[in-house]
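Here the structure is laid out as structure tokens; the discussion comes afterwards.
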Amino acid sequence: MPKTRLSDVSLYGFDFGAARDWYDAGRVRQQARDAALVTTPSTTVPAEFTTYIDPMVVEILTSPLRARLLGRERRAGNFATTQFTFRVGELVGASEPYSDFADNRTSDVNYNWPVRENYLFQTVIRYGDRETALTGAAKISLAADKQRAAANTLDHDANSFALLGVAGLDIYGILNAPELPAAITPGATGTGGGVTWNTKDMLQIYNDILLLFAQLAENGRGWIDQNTPLQLIVSPRAMTYLGRASEYNTNVLDLLQKYFSRLEVVVLPELQGTTGGETILLKAASIQGQPVIELPFSEKVRAGRVVEELSSIKQKWVAGTYGALLIYPFAIAQMRGVLD
Numbered sequence: 017m018p019k020t021r022l023s024d025v026s027l028y029g030f031d032f033g034a035a036r037d038w039y040d041a042g043r044v045r046q047q048a049r050d051a052a053l054v055t056t057p058s059t060t061v062p063a064e065f066t067t068y069i070d071p072m073v074v075e076i077l078t079s080p081l082r083a084r085l086l087g088r089e090r091r092a093g094n095f096a097t098t099q100f101t102f103r104v105g106e107l108v109g110a111s112e113p114y115s116d117f118a119d120n121r122t123s124d125v126n127y128n129w130p131v132r133e134n135y136l137f138q139t140v141i142r143y144g145d146r147e148t149a150l151t152g153a154a155k156i157s158l159a160a161d162k163q164r165a166a167a168n169t170l171d172h173d174a175n176s177f178a179l180l181g182v183a184g185l186d187i188y189g190i191l192n193a194p195e196l197p198a199a200i201t202p203g204a205t206g207t208g209g210g211v212t213w214n215t216k217d218m219l220q221i222y223n224d225i226l227l228l229f230a231q232l233a234e235n236g237r238g239w240i241d242q243n244t245p246l247q248l249i250v251s252p253r254a255m256t257y258l259g260r261a262s263e264y265n266t267n268v269l270d271l272l273q274k275y276f277s278r279l280e281v282v283v284l285p286e287l288q289g290t291t292g293g294e295t296i297l298l299k300a301a302s303i304q305g306q307p308v309i310e311l312p313f314s315e316k317v318r319a320g321r322v323v324e325e326l327s328s329i330k331q332k333w334v335a336g337t338y339g340a341l342l343i344y345p346f347a348i349a350q351m352r353g354v355l356d
């Protein structure tokens, strides 16, 4: 087949300027290079095109919030409430042998009205227009995440106030309420007369908890026995010693569950590393259907108005607490010094 010349294709409207012939790679040994490479040498693509972004979100964990496991939460009042009070009624009286003319013994009732302040606490979230646009490009709902952060902050603080109260106010927590019975110390039965659990075997640790229960039962004067729903509250470190076993493969927890028919163990991180030695608590869950501890609040979470500024938005989040109410302090016993 005859070769097509440039002059032939020009008749059909193809104009290649000063070209004299077709380029034929077979007619030359090597293509001419008349200049060095201008761009950066590369044979790949941007890393973004080969990066897999996992939709899973790993959130940073903090200590679990377990104060609400120790008492019943309930709402009392609202945002406008300044203080909270409740009635404590004591029935008193005495009797005497019957006589038509005797009236020396009477019965009566005495009322007290304990008062707790309403402590309101707040946090604020802010997010800008460009900030929202940038995170939106990554399919992140920034406003929703910041709202979750606000609710989480209030929840953490409420947990702290339920356990330790609010400094400077007439608000107390489960661990520092003035009406708590005095703590007892473990028996000096460990190695070398030690009192801490790391010096004791299974039976000695079990006997310490029985000693704590003995105080609880004595204070209860018949309201508390081994069949009462009980909560044993320990730190994460102290919890490991409940697994201390004997040569017969029986551990402390086995013995406790055998003796106490309705025992619940609650691990409370706030007990770990306390000054003066770690504390454990043993409490009745309720007496005659009334929770031993209540955790009243005025506001769980109250979201304020959304305020629009020049190129950003802010919003206030509020909660309110009265701390912890120990309805029956006699139904709580504590032992201090089980661990250094």
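For our numbering, add 16 to where a residue sits in the sequence shown, where the first one is 1.
No residue lacks a Cβ here, since even glycine has one placed at the ideal position from N, Cα and C.
Report the residue ranges of all beta strand (DSSP E) runs contained in full by the segment 262 to 308; include only those spanning at least 3 residues, in chain order. 279 to 283 and 295 to 300
Enumerated in chain order, which unbroken segments of the alpha helix (DSSP H) with a length of 4 residues or greater are wholly contained in the segment 228 to 268? 252 to 257
State the Cα-Cα distance for the pair Ser328 and Ala153, rounded to the nearest angstrom. 18 Å
Opposing strand residues paired with Arg318 [DSSP bridges]: Val334
Leaving out five residues on either side along the sequence, give the residues of the same chain with a beta carbon under 8 Å from the beta carbon of Ser277. Gln242 and Asn243
Per-residue DSSP class, three states only, for Arg36: coil
Closest to Ile221 by C-alpha separation, out of Ile343, Tyr257, Val140 and Ala165, would be which residue? Tyr257
Given that a residue counts as buried once 16 or more other Cβ atoms are within 10 Å of its Cβ, and exposed if not, what is Lys299? buried
Would you kindly check if the distance between the Cβ of Phe313 and the Cβ of Glu89 is under 9 Å? yes
Three-state secondary structure assigned by DSSP to Asn134: coil
Top-ranked residue by Cα proximity to Trp16, from Glu106, Val61, Gly339 and Ala35: This structure gives no information on residue 16, because the portion of the chain shown stretches from 17 to 356.
Rounded to the nearest angstrom, what separates Gly210 and Ile156 at their Cα positions? 56 Å
Decide if the segment 285 to 298 is in contact with the segment 246 to 254; the criterion is three or more beta carbon pairs, one per stretch, under 8 Å apart. yes
Beta-carbon proximity of Leu219 to Pro202, cut-off 9 Å: no
Taking the CB atoms as reference points, tell me whether Ile187 and Thr337 lie closer together than 9 Å. yes
Closer than 6 Å by C-beta to Ala83: which residues in its own chain qualify, once you throw out the five before and the five after it? Chain order, please. Asn175, Ala178 and Leu179
Between Leu311 and Lys332, what straight-line distance do the alpha-carbon atoms span, to the nearest angstrom? 24 Å
Under DSSP, the alpha helix (DSSP H) around Ser176 begins and ends at which residues? Leu158 to Leu180
Beta strand (DSSP E) segment containing Val108, residue limits: Val104 to Gly109
Rounded to the nearest angstrom, what separates Asp1 and Asn126 at their Cα positions? The displayed coordinates of the chain run from 17 to 356. Any statement about residue 1 would go beyond what the structure contains.
Length at least 3, wholly inside the segment 51 to 93: the beta strand (DSSP E) runs in chain order: 88 to 91
Return the chain-ordered list of same chain residues with a C-beta closer than 6 Å to the C-beta of Val131, the five sequence neighbours on each side being excluded. Gln99 and Thr101
Give a yes or no on whether the C-beta atoms belonging to Leu287 and Leu185 are separated by under 9 Å. no
Name the DSSP bridge partner or partners of Pro113? DSSP lists no partner for Pro113.
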